Amino acid sequence: MSRQEKLIIIFLLSCAVVGLAVSFYQKSQQSEIRVVPSSLIKEFAYLKNKTSHQKLININTADAGELTSLPGIGPVLAEKIIQYRRENDEFLLPEDITKVLGIGSAKYQSIKDLITTFKHDPR
Amino acid sequence: MTPVRNISDKKISNGASRPLLAAFICLILGILLVSFIDTTYFHNSIFIPANHISKKIEKTQDNVYIKGRIISDPLFYETHWKQKRASFTLEVDYIKLKDNWAKTQGLCKVTIYKSDQKYVYGDNLILFGSLSLPTPAANPGEFNYSTYLKHQKIHVVLGVDSYKDVTISQPENKYRIPTLLKSKIFALRKKVDEYIHLHLPKKEAGLISAIILGLRSEIPRDSREVFIQTGSAHILAISGLHLAIIAYVFFFLLGLMRIPYNTRALIVIIIICFYAILCGGRTPITRAAIMITIFLLARILNREIDIYNALSLAGILMLLANPAQLFSVGFILSFGCVFSIAYITPKMKKIYKPLAISLAVYIGIAPIIAYNFNIISPITIVANLFVIPLTGLLICAGLTFILFGFLSASLATIFGATTWLIIFLLEKIIFYLSKIPYAYFYVPDISLWLIACYYIFIILILNKEKFKLSRAGISIIILLCINLYIWSPLIRKSPEQLKITFLHVGHGDAIVIQFPDGKTMLVDAGAKSKYKDNGREVVIPYLWHEGINKIDYALITHSDLDHFGGIASVIKKVDVKSFLYNGREDNEYGYLELLNLVESKEIKKLEIKEGDRIEGFKGVEILVLGPPEEFLNNNSISDNDSSVVLKLIYKNTSLLLCGDIAEKGMKNIISYANVLKSDIIKVPHHGLCVNKYKSTAEQFYYLVDPEIAVVTASKNDPYLAPATSTIECLSKNGATMYVTHKTGAIIITSNGEDYHITTTCGTGDV
Numbered sequence: 000m001s002r003q004e005k006l007i008i009i010f011l012l013s014c015a016v017v018g019l020a021v022s023f024y025q026k027s028q029q030s031e032i033r034v035v036p037s038s039l040i041k042e043f044a045y046l047k048n049k050t051s052h053q054k055l056i057n058i059n060t061a062d063a064g065e066l067t068s069l070p071g072i073g074p075v076l077a078e079k080i081i082q083y084r085r086e087n088d089e090f091l092l093p094e095d096i097t098k099v100l101g102i103g104s105a106k107y108q109s110i111k112d113l114i115t116t117f118k119h120d121p122r
Numbered sequence: 000m001t002p003v004r005n006i007s008d009k010k011i012s013n014g015a016s017r018p019l020l021a022a023f024i025c026l027i028l029g030i031l032l033v034s035f036i037d038t039t040y041f042h043n044s045i046f047i048p049a050n051h052i053s054k055k056i057e058k059t060q061d062n063v064y065i066k067g068r069i070i071s072d073p074l075f076y077e078t079h080w081k082q083k084r085a086s087f088t089l090e091v092d093y094i095k096l097k098d099n100w101a102k103t104q105g106l107c108k109v110t111i112y113k114s115d116q117k118y119v120y121g122d123n124l125i126l127f128g129s130l131s132l133p134t135p136a137a138n139p140g141e142f143n144y145s146t147y148l149k150h151q152k153i154h155v156v157l158g159v160d161s162y163k164d165v166t167i168s169q170p171e172n173k174y175r176i177p178t179l180l181k182s183k184i185f186a187l188r189k190k191v192d193e194y195i196h197l198h199l200p201k202k203e204a205g206l207i208s209a210i211i212l213g214l215r216s217e218i219p220r221d222s223r224e225v226f227i228q229t230g231s232a233h234i235l236a237i238s239g240l241h242l243a244i245i246a247y248v249f250f251f252l253l254g255l256m257r258i259p260y261n262t263r264a265l266i267v268i269i270i271i272c273f274y275a276i277l278c279g280g281r282t283p284i285t286r287a288a289i290m291i292t293i294f295l296l297a298r299i300l301n302r303e304i305d306i307y308n309a310l311s312l313a314g315i316l317m318l319l320a321n322p323a324q325l326f327s328v329g330f331i332l333s334f335g336c337v338f339s340i341a342y343i344t345p346k347m348k349k350i351y352k353p354l355a356i357s358l359a360v361y362i363g364i365a366p367i368i369a370y371n372f373n374i375i376s377p378i379t380i381v382a383n384l385f386v387i388p389l390t391g392l393l394i395c396a397g398l399t400f401i402l403f404g405f406l407s408a409s410l411a412t413i414f415g416a417t418t419w420l421i422i423f424l425l426e427k428i429i430f431y432l433s434k435i436p437y438a439y440f441y442v443p444d445i446s447l448w449l450i451a452c453y454y455i456f457i458i459l460i461l462n463k464e465k466f467k468l469s470r471a472g473i474s475i476i477i478l479l480c481i482n483l484y485i486w487s488p489l490i491r492k493s494p495e496q497l498k499i500t501f502l503h504v505g506h507g508d509a510i511v512i513q514f515p516d517g518k519t520m521l522v523d524a525g526a527k528s529k530y531k532d533n534g535r536e537v538v539i540p541y542l543w544h545e546g547i548n549k550i551d552y553a554l555i556t557h558s559d560l561d562h563f564g565g566i567a568s569v570i571k572k573v574d575v576k577s578f579l580y581n582g583r584e585d586n587e588y589g590y591l592e593l594l595n596l597v598e599s600k601e602i603k604k605l606e607i608k609e610g611d612r613i614e615g616f617k618g619v620e621i622l623v624l625g626p627p628e629e630f631l632n633n634n635s636i637s638d639n640d641s642s643v644v645l646k647l648i649y650k651n652t653s654l655l656l657c658g659d660i661a662e663k664g665m666k667n668i669i670s671y672a673n674v675l676k677s678d679i680i681k682v683p684h685h686g687l688c689v690n691k692y693k694s695t696a697e698q699f700y701y702l703v704d705p706e707i708a709v710v711t712a713s714k715n716d717p718y719l720a721p722a723t724s725t726i727e728c729l730s731k732n733g734a735t736m737y738v739t740h741k742t743g744a745i746i747i748t749s750n751g752e753d754y755h756i757t758t759t760c761g762t763g764d765v
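Same order as they appear, the protein sequences are chains A and B. Residue numbering for the first sequence follows numbering that gives the first Met the number 0, starting at 0 and increasing by one per position. Residue numbering for the second sequence follows numbering that gives the first Met the number 0, starting at 0 and increasing by one per position.
So this is what it looks like as structure tokens:
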């Protein structure tokens, strides 16, 4: 085996090893799915019972003024929410508001009963 | 493989001319070219004569009379609703579409639904029934019955309701000697089959019938599966091996009688031809019979034999009889095997001979097997070392059992027991071999390019002296292949799209969802009965067709057979990561068995219910809208109503999967008014709707307001799905209906902005 051949073999071997490492890395990055309870039932609970008619703030359509009326949301956070909405899709459920930088689960807990993501118009 | 080995042992003088091999290759290339031109430019038609029966009809035509002759051994079987059926191939002479009889030609596959079992080979019949072109596969990847028949030159099928529509006409040529002889041979085969069943238990008798008489239909599914897994299925299809053993045995016996060589050879040729006809004359056996005849004739004429020329002559004769055979798996495998033995074995001089042969065959045909049967079984190399000698013994024992058994009953019992013992041993060995880890694995469909690369590589390695390949050269090639294998999936970017496939599984659901991030989810898998396992026959072939061999999430909406039936086979053959269900453990049609299977395979079980959210699919949101928790332990709620209901959102495209929900299920999710609105809906319960809850259903469809409504139902649906009220309701809301029995599989792809629909064989109706 000549020196050149050896070099080629070593190069190919290292390529293969790198490839294997990359594919393992990609596999480990793949997220497992989780089944998590959501606020979906709660969102629609009052429609089912048709009792409460509390005015909720729709975080998908509300403007900055409405958003700041929520406890713990100042103009900065309101702007962040609006910006998030512009860059991403609508919020599917109220808990998705935690995806906005600056809103943690504690803040969400304090506002979760006041916000909604759906236009409620029971037919 | 005895004579074959003898042939390859014989020295071929160097540089032997092989005109037949050249002719064979030219013929193959010619057929390939012609069929390519024909299918591309003439749509499979120029080589069919104008008065051919397939040109008489355009689509299914009822009330047709045809007249012809049975040219196959009729098959009689019973369906699971105890209907006795008969099926055979008919050579058609005349056809009456409306008023007049017209001369025609071609072959027709006939099925008589209520048969009285009295047709035999060579009968002339006049039949009345509905004539149609065989249906192409309804789902991508599924077995294509139409192509399968075309390889046998059959282009049309005739369905006959009952034996009353069949008249046996005057047998004008029943007394033609070949026909008469053949019908006698088939009668003999039937008699022997009955005799075997009389003396042996059903399962073993089925195997013996397959191995000795070529009656393959009697082998139970699970034992056939084990044979396939260990790569031993070739002994079930009568092949060169069987014929060679029989030739050898008779040669030996006649030798004991001191019959001169040439007479012996002639007698053996006659026996071989007789046996080949007896077994139904399938591709491998015809090939073997021709080759053994050539071999023996060469010995009589004292000519040198060249295996390539013998093989080529067999090939040329068979292709001239039916060129379409070239594309059938049996033909390719049979010729591939012999070619591999002849070509590869001599190059492995250092290896123990039987092992070398086994290895040669494996190297030669493994990619063809993988391509056609989606299985790679390295265990074959070892298995053959046991299986082939045992099969030899079995054939000898079986023949003795049959020959002596007709003389005396007590002898039959003794030889029957011996035969049984050998079969028992064979089955046990194969069973344990299949249990060895990594004995076999299933692979998704592979591309023809990969196969071509494989063969080029093998030829390079086998002729390394000729191509002046050093060891370094070989290792570089191997390393290059490995790199290609590792890097190609990393570099190739899969398109960022959501792909939803509603498979056609008759009355039942089977939905495959491929997510933009490469994950796969299966929602239900169709029904499973004794005669049709949608998991094995539809879902798995589709997954393999798509290059998928793992399912991340298998979801069963509820415990009805038409939804969960097929999943067991899927779990056995494809790697399922987790199993989602509503948590209700009904004891119905083996639902509990399925749950046990899931547990024994250590698949993660997840319960999902109303209000849950399934997270982890990049870009795709999944909400679970049903069933509510209180439905699950409530026996007054039907299992249909406790179906899992999923809402899937991928940017601008949304999909609602409803399982089989009826009134209560609908009422429960109606309150999710805003979430219900979807582009695509899998219509609940196959579109069935009872008038009792018509208003609920109307409200439900009004809220969902779909553009596309997919209904999963079978042709002549047993429950008459979809109901007219459902159709009315959906069309009132402006939805386009896609019913699986009309469209075949429905494939919807979405890039998030808009979606696109394709179907395998039809369009939706507004």
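In this text, a Cβ means the ideal position worked out from N, Cα and C, and glycines have one as well. Quick caveat, the model's predicted, so the values are computed rather than measured.
Interface flag, residue i vs chain E, CB-CB below 7 Å
i: residue 673 of chain B; result: Absent from the structure: chain E. Protein chains present are A and B.
Buried versus exposed, by CB contacts within 10 Å (16 or more), residue i
i: residue 317 of chain B; result: buried
i: residue 17 of chain A; result: exposed
i: residue 302 of chain B; result: exposed
i: residue 549 of chain B; result: exposed
i: residue 495 of chain B; result: exposed
i: residue 13 of chain A; result: exposed
i: residue 694 of chain B; result: exposed
i: residue 627 of chain B; result: buried
i: residue 101 of chain B; result: exposed
Cβ pair residue i, residue j closer than 7 Å
i: residue 526 of chain B; j: residue 538 of chain B; result: no
i: residue 106 of chain B; j: residue 88 of chain B; result: yes
i: residue 111 of chain B; j: residue 166 of chain B; result: no
i: residue 80 of chain A; j: residue 93 of chain A; result: no
i: residue 155 of chain B; j: residue 52 of chain B; result: yes
i: residue 309 of chain B; j: residue 293 of chain B; result: yes
i: residue 502 of chain B; j: residue 441 of chain B; result: no
i: residue 91 of chain A; j: residue 752 of chain B; result: no
i: residue 31 of chain B; j: residue 315 of chain B; result: no
i: residue 744 of chain B; j: residue 500 of chain B; result: yes
i: residue 139 of chain B; j: residue 544 of chain B; result: yes
Nearest candidate by alpha-carbon position, reference residue i, set the options
i: residue 392 of chain B; options: B:414, B:406, B:405, B:404; result: B:414
i: residue 208 of chain B; options: B:235, B:660, B:220, B:469; result: B:235
i: residue 600 of chain B; options: B:356, B:578, B:398; result: B:578
i: residue 190 of chain B; options: B:203, B:212, B:206, B:201; result: B:212
i: residue 473 of chain B; options: B:488, B:487, B:455; result: B:455
i: residue 482 of chain B; options: A:2, A:20, A:73; result: A:20
i: residue 335 of chain B; options: B:35, B:364, B:237; result: B:364
i: residue 476 of chain B; options: B:487, B:452, B:486; result: B:452
i: residue 532 of chain B; options: B:676, B:566, B:512, B:242; result: B:566
i: residue 270 of chain B; options: B:253, B:203, B:259; result: B:253
i: residue 383 of chain B; options: B:354, B:545, B:362; result: B:354
i: residue 220 of chain B; options: B:666, B:536, B:256, B:607; result: B:536
i: residue 400 of chain B; options: B:590, B:376, B:546, B:199; result: B:199
Residues sharing a beta bridge with residue i, DSSP
i: residue 100 of chain B; result: B:95
i: residue 67 of chain B; result: B:91, B:124
i: residue 755 of chain B; result: B:748
i: residue 709 of chain B; result: B:681, B:737
Touch check for the stretch 54-62 of chain A and the stretch 625-642 of chain B: three-plus C-beta pairs under 8 Å?
These segments do not touch.
Is it true that the stretch 461-478 of chain B meets the stretch 402-412 of chain B, where meeting means three or more beta-carbon pairs spaced less than 8 Å apart?
Because the criterion of three Cβ pairs below 8 Å is not met, the stretch 461-478 of chain B and the stretch 402-412 of chain B do not touch.
Contact the stretch 112-119 of chain B vs the stretch 728-741 of chain B: 3+ CB pairs below 8 Å:
By the Cβ rule, the stretch 112-119 of chain B does not count as touching the stretch 728-741 of chain B, because fewer than three pairs are nearer than 8 Å.
Pairing CB atoms from the stretch 583-596 of chain B with CB atoms from the stretch 686-706 of chain B, are three or more of them under 8 Å?
The answer is no - the stretch 686-706 of chain B does not touch the stretch 583-596 of chain B, with fewer than three Cβ pairs under 8 Å.
Touching by the beta-carbon criterion (3+ pairs, under 8 Å), the stretch 668-683 of chain B and the stretch 699-711 of chain B
Verdict: yes, contact present.
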